[in-house]
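The block underneath contains the structure these notes are about, expressed in structure tokens.
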Amino acid sequence: MASIDAQLRLLAPAKVSEDDKLVEYDALLLDRFLDILQDLHGEEIRETVQDCYEISAEYMGKGDPLKLEELGRVLTSLDAGDSIVLAKSFANMLNLANLAEEVQIAYRRRVKLKKKDFSDEASAPTESDLEETIKRLVGQLNKSPEEIFNALKNQTIDLVLTAHPTQSVRRSLLQKHARIRTCLTQLNAKDITPNDKQELDEALQREIQAAFRTDEIRRNPPAPQDETRAGLSYFHETIWKGVPKFLRRVDTALKNIGINERVPYNAPLIQFSSWMGGDRDGNPRVTPEVTRDVCLLARMMAANLYFSQIEDLMFELSMWRCNEELGARADELQRSSKRDAKHFIEFWKKIPPSEPYRVILGDVRDKLYNTRERARQLLSDGTSDISAEATFTNVEEFLEPLELCYRSLCDSGDGPVADGSLLDFLRQVFTFGLSLVRLDIRQESDRHTDVLDAITMYLQIGSYKEWPEEKRQEWLLSELSSKRPLFGSDLPKTDEIADVLDTFKVIAELPHDNFGAYIISMATASSDVLAVELLQHACHVKNPLRVVPLFEKLADLEAAPAAMARLFSIDWYRNRIKGKQEVMIGYSDSGKDAGRLSAAWQLYKAQEELVSVAKKYGVKLTIFHGRGGTVGRGGGPTHLAILSQPPDTINGSLRITVQGEVIERSFAEEHLCFRTLQRFTAATLEHGMHAPVAPKPEWRSLMEEMAVVATKEYRSVVFQEPRFVEYFRLATPEMEYGRMNIGSRPSKRKPSGGIESLRAIPWIFAWTQTRFHLPVWLGIGSALKHVIDKDIRNLQVLKDMYKEWPFFRVTIDLVEMVLAKGDPRIAALYDKLLVTEDLWPLGEQLRANYEATNLLILQVAGHSEILQGDPYLRQRLRLRDPYITVLNVCQAYTLKRVRDPSYNVEVGRHLSKERTEMETSKPASE
């Protein structure tokens with residue numbers, strides 16, 4: 001029997017290009033792993049793994065569902081211990097295949113960037129090389145270098161890291177995967193020596209074995225603080241140094257088109273925010289105390305990162321020439337420090353008077369030390385013996401001495417020195433501030449309504465919940481203008497009401513720069529925004545957070561423009577926002593509510609209308625995109641996602657979530673961090689300077705018609721089919737998901753309820769596990785069929801839309817990609833094993849819908865086979881398929897045995913006994 005790596009080479013499609021090394025990388029990793037597997041568990045388990053792979057590969061080649069049953073018989077014949085080893089082996093092999101793919105992608109990118117040629121790459125539009133984008137804007141679109149420079153200076157990209165429970169892989173395992181990637185990359189370097197190769201090969205084997213021996217499963221659910229520490233670790237590992245390196249690359253790209261001026265250090269080009277420890281929407285474990293601790297932890301980490309760099313900067317700035325302003329400041333500091341310093345008196349004595357920059361930076365160093373220690377003490381003890389006056393309390397105070405050093409160096413003829421490490425440091429201070437990352441607070445609108453209802457009942461003026469919208473607004477505005485306290489200490493409070501009010505108290509107590517926005521999930525009306533404004537006012541928040549309504553469901557997105565127009569028409573509110581407003585749109589819940597096509601179209605229209613309303617009232621609108629990692633939650637290639645947004649909806653200002661496992665893919669390594677920053681920057685620049693095509697009236701009309709049909713079809717199944725929820729929970733591992741230790745918050749907003757109460761993440765993930773991906777495609781096939789059957793000429797219109805309209809092309813391409821990853825025969829196996837027979841017709845009907853949708857998508861895209869336009873992705877999926885299929889079958893049979901413990905027990909016992917007898921009958925020499 002051929003080995004897996006030999007079979008892999010036979011199964012693999014022909015090389016896609018001359019720089020295609022994916023099969024080579026994959027075979028190398030698998031060869032190392034199988035040797036390790038045999039050493040650890042014996043030759044027999046290796047042969048069983050190879051048997052399973054061969055059966056899975058045959059299934060993939062012939063498409064025979066009987067092969068799935070044959071695979072099931074092999075898997076159920078194993079005892080519990082061997083079953084775990086086999087499942088873990090295939091999971092590990094799949095991880096290795098993913099790592100081989102990542103190394104191949106990075107290798108091809110380096111080759112293409114050296115050639116500066118993306119012409120033969122079908123996926124070129126998904127790449128965002130900043131220098132190429134800038135050159136294209138100048139050469140092909142006749143934009144002047146000055147226009148591009150001004151656009152970049154004023155561009156703002158705010159990446160918001162969230163802690164949604166989608167990163168199921170433990171951090172320790174992710175770090176081992178990173179080291180495997182590094183070893184594989186270095187092993188294939190051209191200049192590697194034989195000794196280096198041997199050492200790297202040994203290191204590779206060690207890391208593969210360590211990863212295989214590491215428990216993939218968390219034994220305890222992570223606390224919000226754990227999620228925060230994991231999230232903040234990316235700043236320490238890559239983002240902190242990645243930002244100034246990236247900004248230097250921006251400077252270089254500008255220099256190459258004739259701009260000799262650097263992007264100012266205080267240009268808001270890249271910013272970071274976080275929801276970790278602030279997102280309390282349906283997560284009872286995010287308490288006011290957690291929010292306080294998270295802010296102090298981030299503040300301590302920021303001060304520590306600055307402190308670790310300040311001495312290097314002092315070592316570099318040893319010059320004696322300075323301007324008069326800096327010289328006078330240095331003299332005064334040195335005199336006062338020699339009088340007053342206690343902890344640093346020896347340090348000050350060592351600085352000669354001829355090194356004024358070191359004197360200035362020495363004072364910065366002292367305050368950074370105090371800032372770090374004060375945050376540490378407050379975090380651990382709740383009190384500190386270091387006064388706030390001895391620390392940096394705001395970023396302006398921190399920047400001032402650094403700016404003084406920069407000006408002095410430039411005035412003294414040392415501009416090149418100023419543009420070295422000092423400029424990097426200034427850029428870090430402006431980007432990360434004293435808080436490292438600004439924390440958003442998110443809470444559901446109903447929680448605010450409950451608090452205000454308790455207050456109005458306490459004031460004996462009625463029930464806020466029962467008031468119509470107009471009365472709510474009238475009362476909220478009158479209280480916002482009042483100077484008397486809204487309520488007293490005797491306000492009756494439930495635990496939920498106290499939690500909301502205590503959160504506002506934490507916001508009032510902590511420095512303002514710890515926080516970003518206050519997000520209201522499930523917002524529906526103007527009063528939702530005014531309610532948060534009043535609660536900030538009542539809880540004495542001196543610098544109120546900007547309030548951002550989050551419109552998620554289809555009806556809320558439709559009503560959003562009218563709600564914002566009502567807000568903008570209120571004089572008090574217009575004065576409050578000072579011409580700037582942020583609105584968040586939710587991709588996950590809108591998709592769960594109406595399906596992918598309808599949600600995408602409504603999000604598109606809502607953005608257009610919101611921008612139009614804002615312009616009418618003279619308000620600059622920033623749209624906050626709440627995108628997930630999967631297609632069903634708004635995910636997809638960053639470049640395409642940005643360039644498919646409606647014209648005039650970004651305008652150099654983009655705020656977007658980076659969720660769960662996407663954080664790892666975006667910031668785990670230095671090159672990933674650079675690529676992420678480049679993608680967002682280049683695509684945002686291009687969208688602002690070269691607006692995408694707007695839809696023609698006939699395209700809009702067709703989309704409207706399709707959206708209506710798609711929504712009707714989707715809801716008729718998901719919400720109106722009487723037994724759909726029962727089918728969903730039987731056919732997928734949704735119930736088991738709720739018991740996994742993936743994230744800190746529950747899988748449901750409310751313990752009871754159906755699909756509407758289920759979070760979008762487990763909803764999407766459950767269908768992904770069965771390779772059916774229902775939330776992505778359901779409704780699209782019916783919509784396409786409806787308009788084509790109505791008038792065959794509509795097929796050509798759809799093809800034109802696909803070719804010319806970025807929004808429609810991205811929508812179709814992403815659905816095609818998901819269908820390529822799907823397999824209705826696998827879903828049928830789950831049905832056969834897990835679903836009661838009376839529900840089988842529902843599954844068969846849905847699978848027929850899947851197949852019909854697949855054919856229609858190919859027809860509109862003009863493809864004769866799936867992923868015809870992306871051979872690279874097709875190759876990667878084909879190589880990965882046998883591993884996933886084994887895991888699918890293993891999961892399906894395992895779920896059957898978990899849910900029905902009596903299933904197949906006798907067969908399993910018989911085969912295990914037979915196997916034992918074979919073992920004992922072997923000659924001793926064997």
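Start counting the sequence shown at 1; every next residue gets the next number (UniProt numbering).
For glycine and all other residues, C-beta sits at the position ideal for the given N, C-alpha and C.
Please read all numbers here as calculations on a predicted model, not as lab measurements.
Whole-Å CB distance - residue i paired with residue j, under 8 angstroms assumed
i, j, result
"D405", "L326", "Here residue 405 is Cys; the residue named in the question, Asp, does not match the sequence. 7 angstroms between Cβ atoms; contact."
"A517", "E444", "The pair is not a contact, with the Cβ atoms about 15 angstroms apart (cut-off 8 angstroms)."
"P216", "A97", "Here the sequence assigns Glu to residue 216, which means Pro is not the residue at that position. That belief does not hold up - the Cβ atoms of E216 and A97 are roughly 16 angstroms apart, past 8 angstroms."
"M689", "L137", "6 angstroms"
"V263", "L152", "6 angstroms"
"W320", "S354", "4 angstroms"
"E533", "L480", "6 angstroms"
"D440", "I519", "6 angstroms"
"L204", "R32", "6 angstroms"
"T684", "I642", "6 angstroms"
"A454", "P492", "7 angstroms"
Residue environment, residue i, which counts as buried when at least 16 other CB atoms sit within 10 Å
i, result
"D791", "exposed"
"A525", "buried"
"T252", "exposed"
"R46", "buried"
"N794", "buried"
"T853", "buried"
For residue i, three-class secondary structure by DSSP
i, result
"M319", "coil"
"P222", "coil"
"F674", "helix"
"R438", "strand"
"T214", "coil"
"H773", "coil"
"Q578", "Sequence inspection shows Lys at residue 578; the Gln mentioned does not correspond to that position. DSSP places K578 in coil when its eight states are reduced to three."
"V583", "strand"
"L159", "strand"
"V548", "strand"
"E444", "strand"
"T449", "helix"
"F568", "helix"
"G61", "helix"
"F624", "strand"
"C52", "helix"
"W805", "coil"
"residue 962", "A query on residue 962 cannot be resolved here, the shown segment of the chain reaching from 1 to 926 and no further."
"K922", "Its pLDDT being 38, under 50, K922 is placed unreliably in this model, and the coordinates cannot settle the point."
"S89", "helix"
Alpha-carbon spacing of residue i relative to residue j, whole angstroms
i, j, result
"L842", "A731", "11 angstroms"
"E804", "L459", "60 angstroms"
"P824", "F772", "6 angstroms"
"D279", "D589", "16 angstroms"
"H671", "E132", "18 angstroms"
"W467", "R679", "47 angstroms"
"L99", "R627", "25 angstroms"
"G660", "G462", "43 angstroms"
"G258", "V662", "36 angstroms"
"T48", "A827", "24 angstroms"
"N154", "A267", "7 angstroms"
"R376", "P288", "18 angstroms"
"R576", "S527", "15 angstroms"
"L677", "I239", "10 angstroms"
"V658", "K483", "40 angstroms"
"S569", "V611", "15 angstroms"
"N394", "L368", "12 angstroms"
Residue i at chain B interface by Cβ criterion, 9 angstroms
i, result
"L361", "Any reference to chain B falls outside this structure, which holds one protein chain only."
inquiry  = At 3 residues or longer, what runs of the beta strand (DSSP E) sit wholly inside the segment 246-287?
reply    = 270-274
ask   = Where in the segment 456-533 do unbroken runs of the beta strand (DSSP E), each at least 3 residues long, occur, reported from the N-terminal end onward?
value = DSSP runs (the beta strand (DSSP E)) wholly in the segment 456-533: 515-521.
task = Would you mind listing the alpha helix (DSSP H) stretches within the segment 634-693 that are 4+ residues and don't spill past its ends, in chain order?
result = 638-643, 661-667, 670-689
task = Ignoring anything shorter than 4 residues or poking outside the segment 363-388, list the alpha helix (DSSP H) runs there in chain order.
result = DSSP assignment within the segment 363-388 yields no whole alpha helix (DSSP H) run of 4 residues or more.
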